[in-house]
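Visitor: Under our numbering, the first residue of the sequence shown is numbered 1, with each subsequent residue one higher.
We put the CB at the ideal spot given by N, CA and C, even for glycine.
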Amino acid sequence: MLDIDLQSHKPLRELVYEQLKNQILEGKIAPGTRMMEVNLAEEMGVSRTPVREAIRKLEKDGLVVIEPRRGAYASEISVQDIIDTLTVRSNLEALAASIAAEYIQEEELAELERITDLFEEAINNGEVDDMVELDEQFHRQIVVSSRNKTLGQLSETVQELALRFRYLYYDDFSRYRHMPNEHNRIIAALRSKKPEIAADAARIHTDNLKQFVINEGSTAFKLKRFE
């Protein structure tokens, strides 16, 4: 299940941490899964020490919960967790779009169009991994176009939180066939060079998803509505 690149120049504890983190974010280690040091160490071909260090670091990230006498588990995700993340993401992406509208170049707009075309193709083909990756690329490109490093750092943290449940809400990709149209509206708003219009387009896009989660999340994600 797990493998790491032992040829990398990064410290082993960092390689183990990154691998486990990616597995949790991508849903390959499901919420509630027990993180047993011995088993993980055997599967990754390492000693228990870097696994133990990685689990402690993942606890600080909120991706693992360590309970006395019960051990470590991949943290659960509630519908409220998703709503909280989308609330923050909505405001950050609106800010990013408003700033990007002032600075974005034609080649960057063309890149957003290219990503959107590929995204629509992935939806039509039911390629979930590509859908998730291209959706991330689209929103990351807008942040890059804002040329604001602080915003980039904050956005990356929120993107990681969102990644964990993107694999859940993309399980039925038919719900998201409208997303390329929303991406195109954001591109048009950015091309207008009007920050307020760009911010509104970005905010509406994320708020639509948040409203879906509020309305149908407990059924769509097979999660508890609120914790």
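(1) State the start and end residues of the unbroken beta strand (DSSP E) segment that holds Val64.
(2) What does the alpha-carbon distance come out to for the pair Met44 and Glu26?
(3) Helix, strand or coil, according to DSSP, for Lys10 in the structure here?
(4) Closer than 8 Å is the cut-off here; do at least three beta carbon pairs connect the stretch 55-70 with the stretch 102-117?
(5) Under three-state DSSP, which class holds Arg34?
(6) For Arg191, which of Val38, Ser75, Ser98, Tyr17 has the nearest alpha-carbon?
(7) So for Gly71, helix, strand or coil by DSSP?
(8) Using only the alpha-carbon positions, how far apart do Thr49 and Ala74 sit?
(9) Near Val16, what residues of its chain come up, given a Cβ to Cβ distance below 7 Å and the 5 sequence neighbours on each side ignored?
(10) Where does the unbroken alpha helix (DSSP H) through Val79 begin, and where does it stop?
(11) Going by other Cβ atoms of all chains shown within 10 Å of its Cβ, with 16 needed for buried, is Ala96 buried or exposed?
(12) With 16 as the cutoff for other CB atoms within 10 Å, does Glu196 come out buried or exposed?
(13) For Ile104, count the other beta carbons within 10 Å of its own beta carbon; 16 or more makes it buried, fewer makes it exposed. Which is it?
(14) So, are the CB atoms of Val158 and Val88 less than 7 Å apart?
(15) Comparing alpha-carbon positions, which option in Asn208, Ala189, Leu12 lies nearest Glu102?
(16) Quick one, are the C-beta atoms of Phe138 and Ile77 less than 7 Å apart?
(17) So for Arg225, helix, strand or coil by DSSP?
(18) Measuring alpha carbon to alpha carbon, tell me which of Asn184, Leu134, Ala162, Lys193 ends up nearest Ser146.
Guide: Let me spell this out:
(1) 64-67
(2) 18 Å
(3) The answer is coil: DSSP assigns Lys10 none of H, G, I, E or B.
(4) no
(5) strand
(6) Ser98
(7) strand
(8) 18 Å
(9) Ile4, Met44, Val46, Pro50, Val51, Ala54
(10) 79-103
(11) buried
(12) exposed
(13) buried
(14) yes
(15) Ala189
(16) no
(17) Legend: pLDDT at Arg225 = 36, less than 50; position of this residue unreliable, value from coordinates given subsequently. Looking at Arg225 - three-state DSSP - the assignment turns out to be coil, as it is neither helix nor strand.
(18) Lys193
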